[in-house]
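Notes follow once the structure below has been shown.
Protein chains in written order, with this note's numbering: chain A, 1 to 323; chain B, 324 to 646.
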């Protein structure tokens, strides 16, 4: 026991010293759901909370990956160490895109101040959030100053992931913006900063006007922060400096804004805590449903309408939960 | 008790007779999470399984709502009764889009053979799926022949909802298709039929070619069904007849395809069962975390790093779960 504890402490010390090998190993332990990962994370946690987590949210094709790439370059020029966590929940079945877009990150591959990690969902609701939280905690403990959390779209799972960010950048492109449906209330409430990317395209002015109109309707400014709209052209780095400034301004606002900022930090912790609990509950549910044969037999009875999901759910819950 | 049972049986009988008022009332009971809803659904369940559930999945701006509208018209012309369930999980915070797009369904508003229901997520992972399942079960029990389940995007939550469909139509538009990233593995695995909508626009051929190429790479045809690609122009009804045929062809394939079809029906029941369990687990988690003051005090201790989410998650799980 004490031997294990010593070994874990030594390993944790290496992560805290910023060892890329130790950090990467910890992430693999998290991926493999090794029980020891929880002990490691539990010890790392008190050393976290220093990194600024910036969410970069955009649909496929919005250019958010290229934008993330440029943000890395800018933060590196400021002397900051940067972690990138790319979350792709678009496929719960196969675990990601067919074409990995991490290739373009090559230019940072040899930079020890940059750590890139891709995560794919495993089809468990909550599982993706937990993995993301754990990886971000490890990067935070390793001493990375900025962690860019890149995620696709605005579905519920992506919104979940974004709850971890101190600042969320929503990337929009002209052309989607000319359909008002493309800008939903959810985006408005997530965004601390808007990047209108591909701003050299027709329709950029209209997209900006649409966002402004929606902001006025939604009265977002009431919270004391009107999300700025930055024009970017990620292919040429245009506007990325302004985006970096907008992110810094939001961060400064968050640090000074009293109870509002405290509430945001609380929400962040609530998200981390609930992801952990939910993840374990889903595991326990799978256990309660039994092995493949047991489960299939039950499902066949449901298909045949010999029993109902309402009755069976109650049975499983009675088995799982305390009185 | 027996009085209640009689009353529930009478109410269930009215739903089974197709009463719109009784069905709508049952849906409200589901919405309000009235305990009696479970008894009603439990009794309805044996009468479900006859309706064909067709998922219509597309990004905002893809025109899927207009397409759904036309599908309703076509199914009505075939003499079928049609239920529409519009799911909008784009905002877990405010519960839906700013602009309700149900307005355009006006033309069906006075048709007793059409029942339209909008659902918005309440921010609970799993909650949306459960509500959708319950509403679809009620429509099924009411005797609707076709249930169109319209949902936004391809995030995890939307994918969850789609598990309820017998046939899933993925709606794509030219222009998104010219970025290969827009077509992810997840879409390929969800789609039983592709609709390339706004097919009068430039780039439709390219989008179709992109889908075909990805299908070849992904070897989807191995499952015995190569998802057809139908061109539609939803504003003018062009191609909607072909889409109706493609959906019918997939349905016929599903009914004859032996073990493959059985597995799909099993997955459907698994989804319904797991949504119910998960929904209740999330409720229990909220109870275990205590009232607002208790919860905030815990979160403040987490923010201050006086405790860790790993330790607190374990505590909550120990409290919730049986040994």
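All C-beta atoms, glycine included, are put in the ideal place defined by N, C-alpha and C.
Bear in mind that the values here come from a model prediction, so they are computed numbers and not experimental data.
Exercise. Could you pull the start and end residues of the beta strand (DSSP E) that residue 58/A belongs to?
Key: 52-58
Quiz prompt | Distance between residue 318/A and residue 643/B (C-alpha atoms, nearest Å) | solution = Whole-angstrom Cα-Cα distance: 11 Å.
Quiz item: Using a Cβ-Cβ distance under 8 Å, would residue 357/B count as near chain A?
Solution: no
Self-check item: Identity of the residue in 207/A, 20/A, 274/A nearest residue 116/A by Cα
Solution: The closest CA to that of residue 116/A, considering only 207/A, 20/A, 274/A, is found on 20/A.
Quiz prompt | Collapsed DSSP secondary structure at residue 34/A in the structure displayed | solution = coil
Exercise. Would you list the one or two residues that DSSP bridges to residue 231/A?
Key: 196/A
Quiz item: Using the beta-carbon of each residue, which ones in chain B are nearer than 7 Å to residue 272/A?
Solution: 632
Practice problem: Name, please, each residue of chain B whose Cβ falls closer than 8 Å to the Cβ of residue 269/A. | Solution: 622, 625, 626, 632
Quiz prompt | Three-state class that DSSP yields for residue 172/A in the structure shown | solution = strand
Exercise. Report the rounded CA-to-CA distance for residue 625/B versus residue 111/A, giving the unit in angstroms.
Key: 33 Å
Quiz item: For residue 235/A, which option in 261/A, 49/A, 196/A, 298/A has the closest C-alpha, if you only look at C-alpha atoms?
Solution: 196/A
Exercise. Alpha carbon to alpha carbon, how far is residue 408/B from residue 361/B? Give it in angstroms, no decimals.
Key: 20 Å
Exercise. Would you mind sorting residue 216/A into buried or exposed? The rule is 16 or more other CB atoms within 10 Å of its CB.
Key: exposed
Quiz item: If you measure beta-carbon to beta-carbon, which residues of the stretch 9-31 of chain A are closer than 8 Å to chain B?
Solution: none
Practice problem: Check the Cβ of residue 41/A against every Cβ in chain B and list those closer than 7 Å, keeping chain order. | Solution: 633
Quiz item: Does residue 75/A get closer than 8 Å to chain B when you measure Cβ to Cβ?
Solution: Taking a beta-carbon distance threshold of 8 Å, residue 75/A does not count as an interface residue toward chain B.
Quiz item: For a contact meaning CB atoms closer than 9 Å, what does residue 320/A contact in chain B?
Solution: 600, 604, 643, 644, 645
Quiz item: Taking C-beta to C-beta, are residue 595/B and residue 285/A nearer than 8 Å?
Solution: no
Quiz item: Helix, strand or coil for residue 629/B per DSSP?
Solution: coil
Quiz prompt | Minimum Cβ-Cβ distance from residue 49/A to chain B less than 8 Å | solution = So, interface residue.
Practice problem: Closer than 7 Å by C-beta to residue 374/B: which residues in its own chain qualify, once you throw out the five before and the five after it? Chain order, please. | Solution: 462, 463, 467, 468, 469, 470
Self-check item: Inter-stretch contact at 8 Å, needing at least 3 Cβ pairs: the stretch 487-499 of chain B / the stretch 378-398 of chain B
Solution: yes
Quiz prompt | residue 101/A versus residue 66/A - alpha carbon distance | solution = For residue 101/A, the predicted structure reports a pLDDT of 41, less than 50, and the residue's modelled location is therefore unreliable. A value from the coordinates is still provided. Residue 101/A and residue 66/A: Cα-Cα distance of roughly 9 Å.
Quiz item: From residue 605/B to residue 465/B, what does the alpha carbon distance come to, in whole angstroms?
Solution: 30 Å
Quiz item: Between the Cα of residue 336/A and the Cα atoms of 225/A, 160/A, 16/A, 230/A, which residue gives the shortest distance?
Solution: The structure shown does not extend to residue 336/A, since chain A spans only 1 to 323, so no value can be given for it.
Quiz item: If you drop the 5 nearest sequence neighbours on each side, which residues of the same chain put their C-beta closer than 6 Å to that of residue 253/A?
Solution: 225
Quiz item: What are the boundary residues of the alpha helix (DSSP H) that residue 245/A is part of?
Solution: Note, residue 245/A: alpha helix (DSSP H), 240-256.
Quiz item: What separation, rounded to the nearest whole angstrom, lies between the Cα atoms of residue 7/A and residue 377/B?
Solution: 55 Å
Practice problem: Would you check if there are 3 or more beta carbon pairs closer than 8 Å linking the stretch 202-210 of chain A to the stretch 72-82 of chain A? | Solution: no
Quiz item: For residue 316/A, which residues in chain B fall below 7 Å Cβ to Cβ?
Solution: Residues of chain B passing the Cβ test: 600.
Quiz item: Hey, how far is the Cα of residue 133/A from the Cα of residue 349/B?
Solution: Straight across, the Cα-Cα distance linking residue 133/A with residue 349/B is about 39 Å.
Exercise. Please work out which residues of its chain come closer than 6 Å, Cβ to Cβ, to residue 79/A, disregarding the five sequence neighbours upstream and downstream, and give them in chain order.
Key: none
Quiz item: Should the stretch 611-623 of chain B be regarded as contacting the stretch 287-303 of chain A, the criterion being three or more beta carbon pairs within less than 8 Å?
Solution: no
Self-check item: Run of the alpha helix (DSSP H) containing residue 391/B, from where it starts to where it stops
Solution: 387-400
Quiz item: Can you list, in chain order, the residues of its chain whose CB lies under 8 Å from that of residue 613/B, leaving out five sequence neighbours each side?
Solution: 621
Quiz prompt | Contact check, residue 556/B vs residue 525/B, beta carbons under 8 Å | solution = no
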